[in-house]
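Plus 1 on top of the position in the sequence shown (first one is 1) and you've got the working numbering.
Glycine included, C-beta positions come from ideal geometry on N, C-alpha and C.
If you're wondering where the values come from, they're calculated on a predicted model, not measured in any experiment.
Note sheet for the following structure.
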Amino acid sequence: MNDEYERLTNDAKYLLLQLSSKYLESVTDGKSKSDATTMGSTQQVRDDVMPQWSLPDVSFTMAELRDAGFMKLWPGDGCYYNSFITTQAIAWREQKFGNDVKKVLDAITSVKKLIPFF
2 MNDEYERLTN DAKYLLLQLS SKYLESVTDG KSKSDATTMG STQQVRDDVM
52 PQWSLPDVSF TMAELRDAGF MKLWPGDGCY YNSFITTQAI AWREQKFGND
102 VKKVLDAITS VKKLIPFF
(Lines of atoms letter the chains of each structure in order from A and count residues from 1; the text may use other names and numbers.)
(Lines give C-alpha, C1' and ligand atoms only; values in the text may rest on other atoms or scores of the structure.)
Protein backbone atom coordinates (compact mmCIF):
# COMPACT_ATOMS: atom_id res chain seq x y z
CA MET A 1 0.00 0.00 0.00
CA ASN A 2 2.80 2.44 0.80
CA ASP A 3 4.42 1.49 -2.51
CA GLU A 4 1.37 2.78 -4.39
CA TYR A 5 1.47 6.03 -2.40
CA GLU A 6 5.19 6.51 -3.00
CA ARG A 7 4.67 6.15 -6.77
CA LEU A 8 2.10 8.98 -6.83
CA THR A 9 2.95 12.45 -8.04
CA ASN A 10 3.09 15.12 -5.35
CA ASP A 11 -0.20 16.51 -6.73
CA ALA A 12 -1.89 13.14 -6.25
CA LYS A 13 -0.41 12.74 -2.76
CA TYR A 14 -1.75 16.17 -1.86
CA LEU A 15 -5.23 15.40 -3.20
CA LEU A 16 -5.30 12.01 -1.45
CA LEU A 17 -4.34 13.63 1.85
CA GLN A 18 -7.03 16.29 1.38
CA LEU A 19 -9.66 13.65 0.60
CA SER A 20 -8.51 11.52 3.54
CA SER A 21 -8.87 14.54 5.80
CA LYS A 22 -12.37 15.20 4.44
CA TYR A 23 -13.34 11.54 5.05
CA LEU A 24 -12.01 11.61 8.62
CA GLU A 25 -13.80 14.88 9.40
CA SER A 26 -17.07 13.49 7.98
CA VAL A 27 -16.86 10.34 10.12
CA THR A 28 -15.94 12.43 13.17
CA ASP A 29 -18.99 14.62 12.49
CA GLY A 30 -21.25 11.55 12.59
CA LYS A 31 -21.59 10.52 8.94
CA SER A 32 -21.61 6.80 8.25
CA LYS A 33 -18.34 5.46 6.88
CA SER A 34 -20.09 4.54 3.65
CA ASP A 35 -21.48 8.06 3.16
CA ALA A 36 -18.15 9.63 4.14
CA THR A 37 -16.36 7.87 1.27
CA THR A 38 -18.43 9.84 -1.26
CA MET A 39 -16.39 12.76 -2.58
CA GLY A 40 -18.74 13.84 -5.37
CA SER A 41 -18.15 15.17 -8.86
CA THR A 42 -14.97 16.71 -10.21
CA GLN A 43 -16.57 20.12 -9.66
CA GLN A 44 -17.46 19.26 -6.07
CA VAL A 45 -13.96 17.92 -5.29
CA ARG A 46 -12.48 21.09 -6.72
CA ASP A 47 -14.89 23.34 -4.82
CA ASP A 48 -14.54 21.45 -1.52
CA VAL A 49 -10.83 20.63 -1.35
CA MET A 50 -8.90 21.99 -4.36
CA PRO A 51 -10.34 25.43 -5.32
CA GLN A 52 -6.95 26.62 -6.57
CA TRP A 53 -6.80 23.89 -9.27
CA SER A 54 -8.49 23.87 -12.67
CA LEU A 55 -11.18 21.26 -13.34
CA PRO A 56 -8.97 19.42 -15.88
CA ASP A 57 -6.15 19.22 -13.31
CA VAL A 58 -8.53 17.87 -10.67
CA SER A 59 -9.88 15.25 -13.12
CA PHE A 60 -6.37 14.26 -14.19
CA THR A 61 -5.23 13.82 -10.58
CA MET A 62 -8.39 11.94 -9.60
CA ALA A 63 -7.65 9.52 -12.45
CA GLU A 64 -4.14 9.01 -11.08
CA LEU A 65 -5.62 8.11 -7.69
CA ARG A 66 -8.06 5.74 -9.41
CA ASP A 67 -5.23 4.03 -11.27
CA ALA A 68 -3.38 3.54 -7.96
CA GLY A 69 -6.50 2.02 -6.34
CA PHE A 70 -7.28 4.96 -4.03
CA MET A 71 -10.46 6.19 -5.78
CA LYS A 72 -13.45 4.88 -7.71
CA LEU A 73 -14.70 7.24 -10.41
CA TRP A 74 -17.91 7.39 -12.44
CA PRO A 75 -17.19 9.21 -15.71
CA GLY A 76 -19.51 11.84 -17.09
CA ASP A 77 -19.27 14.34 -19.91
CA GLY A 78 -15.60 15.32 -19.82
CA CYS A 79 -15.37 14.95 -16.04
CA TYR A 80 -16.42 12.59 -13.25
CA TYR A 81 -19.97 12.89 -12.03
CA ASN A 82 -19.27 10.97 -8.82
CA SER A 83 -16.26 9.70 -6.92
CA PHE A 84 -15.44 7.72 -3.81
CA ILE A 85 -12.28 7.01 -1.88
CA THR A 86 -11.68 3.28 -1.60
CA THR A 87 -11.19 1.12 1.45
CA GLN A 88 -7.57 0.87 0.28
CA ALA A 89 -7.27 4.65 0.72
CA ILE A 90 -8.88 4.46 4.16
CA ALA A 91 -6.59 1.58 5.22
CA TRP A 92 -3.54 3.49 3.97
CA ARG A 93 -4.52 6.54 6.06
CA GLU A 94 -5.23 4.39 9.13
CA GLN A 95 -1.85 2.66 8.86
CA LYS A 96 0.06 5.87 8.22
CA PHE A 97 -1.74 8.32 10.54
CA GLY A 98 -4.30 6.43 12.63
CA ASN A 99 -7.24 8.74 13.32
CA ASP A 100 -5.06 11.73 14.14
CA VAL A 101 -6.32 14.67 12.08
CA LYS A 102 -3.29 16.76 13.09
CA LYS A 103 -0.90 14.20 11.57
CA VAL A 104 -2.88 14.27 8.31
CA LEU A 105 -2.84 18.08 8.28
CA ASP A 106 0.92 18.11 8.96
CA ALA A 107 1.43 15.73 6.01
CA ILE A 108 -0.70 18.01 3.81
CA THR A 109 1.53 20.95 4.72
CA SER A 110 4.68 18.93 3.98
CA VAL A 111 3.50 17.74 0.56
CA LYS A 112 2.15 21.19 -0.34
CA LYS A 113 5.69 22.58 0.02
CA LEU A 114 6.85 20.14 -2.70
CA ILE A 115 4.37 21.46 -5.28
CA PRO A 116 5.95 24.43 -7.05
CA PHE A 117 2.80 26.39 -7.94
CA PHE A 118 1.40 26.68 -4.40
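Taking only runs that begin and end inside the stretch 45-85, name each unbroken beta strand (DSSP E) of 3 or more residues, in chain order.
-> Counting only runs of 3 or more, we get 72-76.
Endpoints, the alpha helix (DSSP H) within which arginine 94 is located = Translated into positions along the sequence shown, residue 94 becomes position 93. First-last of the alpha helix (DSSP H) with arginine 94: 88-98.
Look up threonine 39 in the DSSP assignment and say whether it is helix, strand or coil.
-> Stepping through the sequence shown from its first residue, residue 39 is reached at position 38. Note: threonine 39 maps to strand in three-state DSSP.
Assuming valine 50 contacts glutamine 19 under a Cβ cut-off of 8 Å, what Cβ separation, rounded to an integer in Å, is found between them?
-> Taking the first residue of the sequence shown as 1, we reach residue 50 at position 49. Taking the first residue of the sequence shown as 1, we reach residue 19 at position 18. With a Cβ gap of about 4 Å, valine 50 and glutamine 19 count as contacting.
Helix or strand or just coil, what does DSSP make of serine 33?
-> Translated into the one-based positions of the sequence shown, residue 33 becomes position 32. Collapsing the DSSP output to three states places serine 33 in coil.
Taking all protein chains shown into account, do 16 or more other C-beta atoms lie within 10 angstroms of the C-beta of isoleucine 116, making it buried, or fewer, making it exposed?
-> Counting from one through the sequence shown, the residue named residue 116 turns up at place 115. Exposed, by the Cβ-count rule.
Are the Cβ atoms of tryptophan 93 and asparagine 83 separated by less than 8 Å?
-> Position 92 of the sequence shown, counting from 1, holds the residue named residue 93. Position 82 of the sequence shown, counting from 1, holds the residue named residue 83. Their beta carbons are not under 8 Å apart, which means tryptophan 93 does not touch asparagine 83 by this criterion.
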